[in-house]
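Let me begin by presenting the structure, written as structure tokens, before commenting on it.
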Amino acid sequence: MNRCVLFIVFFLSVLYSSADDAQNEVRENPRIENNGADNPVDLSLYPFIDKKANEISLNGADWSALRRSYSGAFGEGRDLFTVLHLGDSHIQADFSTSVLRARLSSLCGSAGRGLLVPFRAAGTNEPLDYSISISPADYVASRLLRQPWESDMPFTGIGIAPMSEEFTVTISCRSAFDRMRFFFLGSVPAVRSVISKEKGPLVFAYSETESPALLLPEAVSSVEVTFSGRGCTFGAVEVANGSAGVLVHGLGNNGATFSSYNTIGGFAEAVSTLTPDLYIISLGTNEAFSTVSEEGMKASMDVLLSSIRRADPEARVLLTTPAECFRRVRRRGRRRGPMVVNHKVAQMRRVMLDYAVAHSIPLYDWYAVSGGSGSAAKRKSAGLLGADGIHDTAIGYRLAGSLLAEALESALSEKCR
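Spelled out as structure tokens, the structure:
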């Protein structure tokens, strides 16, 4: 191979690598367009949405026990019904999951906000309805997609390892709470003080178990918890109000795939401590931007789902397919090529459909509901798909969450009330 050929190969590899890096940056650090996120969603504005497809295919799975659990969240002597929504950047920002949470809570009552992950402390986007800060800012932060990790990695895909022996976690949330459960790896730190901005210092009860629980005498919306101890990595806190009803946890990581969660040691065992009645798994978009084969996708799905079943034999799982989106075409001599439909999304969707049927796993086909082939252009024109061609706008996510909530409520209510 002569020098000219070597130069061309090197030039193209650098060019293509730069294009791939740009798309990776969009998926790992998205900017969600907040175009009227709190406005009601008018479905009549989007005639391409396939309402007839807005249902859950059980694929032979028996949801009778799940329906009984859901039914127990109604009426006198109510129970707690817990949902975990696991996914990628479509879930991290919580726009769609927040609609699901609100819809189910309006029907059954709210048991609290659920899982709060310190995304912003790790340098990435956090949902709008809560904030977590760590002081002093003397800590090592790790993120799921940024390997090698600089600290141990909790099941949340975010790890904050304080370097100071004493550190304070400040938590603010729109939903008031009077109990917290912290998720640490390594040693469990002691609690030195709990201070509410509204109430001042609080009396508290703290159990230094593997998932230490902190009970407060009254509900607050903001609290500063000062810990003491070395050798711990903070991954999340669960906030609740002690009521029966519904608890919907959202757990997403920008750029995540099925295989990403498989890299976290003990992931399924740790996530099962949230005791979900239902696991909703919304992945597949990022696989469509990778070189993973259909067989590789199936293998990654099998590893994750099998580990969840082993850790939680009673687990009920719902898979959701990704919507059609765009990708950038790589053009020689240009930093940014044009957008075209990423047809590999349809390929990954087919893998998920086939896997769900073969393993009797319920599935919600968001690809079909959102309009199927050709829907990316329609969603973008209607203001549902953002400028990057991959992530929805806030309204787009609210629409997705509303439709999923409708389909799920219908499936859970069948023959149970």
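The sequence shown begins at 616 in my numbering and counts up by one.
Note that beta-carbon positions come from the ideal geometry of N, C-alpha and C, so glycine has one too.
Who does residue i pair with in a DSSP beta bridge?
{"i": "valine 863", "result": "Val698"}
{"i": "tyrosine 979", "result": "Ile671, Thr935"}
{"i": "alanine 805", "result": "Ser843"}
{"i": "glycine 815", "result": "Ser811"}
{"i": "phenylalanine 849", "result": "Ile775, Phe799"}
{"i": "leucine 893", "result": "Val698"}
{"i": "leucine 830", "result": "Arg794, Ala820"}
{"i": "serine 746", "result": "Ser787"}
{"i": "phenylalanine 782", "result": "Phe842"}
{"i": "serine 874", "result": "Partner(s): none; serine 874 has no beta bridge."}
{"i": "valine 886", "result": "DSSP lists no partner for valine 886."}
{"i": "leucine 1000", "result": "Asp1007"}
{"i": "valine 835", "result": "Phe792"}
Which two residues bound the contiguous alpha helix (DSSP H) that contains residue i?
{"i": "isoleucine 1037", "result": "Since the first and last residues shown for the chain are 616 and 1032, residue 1037 lies out of range."}
{"i": "phenylalanine 941", "result": "Not the alpha helix (DSSP H): phenylalanine 941 falls in the beta strand (DSSP E), residues 941 to 943."}
{"i": "valine 918", "result": "909 to 926"}
{"i": "serine 704", "result": "704 to 707"}
Could you give the residue range of the beta strand (DSSP E) that holds residue i?
{"i": "glycine 729", "result": "729 to 731"}
{"i": "arginine 758", "result": "754 to 758"}
{"i": "valine 955", "result": "954 to 956"}
In three-state DSSP terms, what is residue i?
{"i": "tyrosine 661", "result": "coil"}
{"i": "phenylalanine 799", "result": "strand"}
{"i": "isoleucine 879", "result": "coil"}
{"i": "alanine 717", "result": "helix"}
{"i": "methionine 768", "result": "coil"}
{"i": "arginine 682", "result": "helix"}
{"i": "isoleucine 1005", "result": "coil"}
{"i": "threonine 712", "result": "helix"}
{"i": "glutamate 741", "result": "coil"}
{"i": "alanine 973", "result": "helix"}
{"i": "valine 854", "result": "strand"}
{"i": "serine 725", "result": "strand"}
{"i": "serine 990", "result": "helix"}
{"i": "cysteine 1031", "result": "With a pLDDT of only 38 at cysteine 1031, under 50, the local geometry of the prediction cannot be trusted, and the value read off the model is given with reservation. It is coil, neither helix nor strand."}
{"i": "valine 656", "result": "coil"}
Are the CB atoms of residue j and residue i within a distance shorter than 8 Å?
{"i": "proline 816", "j": "serine 808", "result": "yes"}
{"i": "leucine 893", "j": "glycine 729", "result": "no"}
{"i": "valine 840", "j": "valine 784", "result": "yes"}
{"i": "isoleucine 775", "j": "alanine 737", "result": "yes"}
{"i": "alanine 1020", "j": "tryptophan 981", "result": "no"}
{"i": "glutamate 741", "j": "alanine 1009", "result": "no"}
{"i": "glycine 693", "j": "glycine 724", "result": "In the sequence as presented, glycine is not what sits at residue 693; that position holds arginine. Yes, they are a contact pair."}
{"i": "glycine 772", "j": "alanine 871", "result": "yes"}
{"i": "leucine 831", "j": "phenylalanine 819", "result": "yes"}
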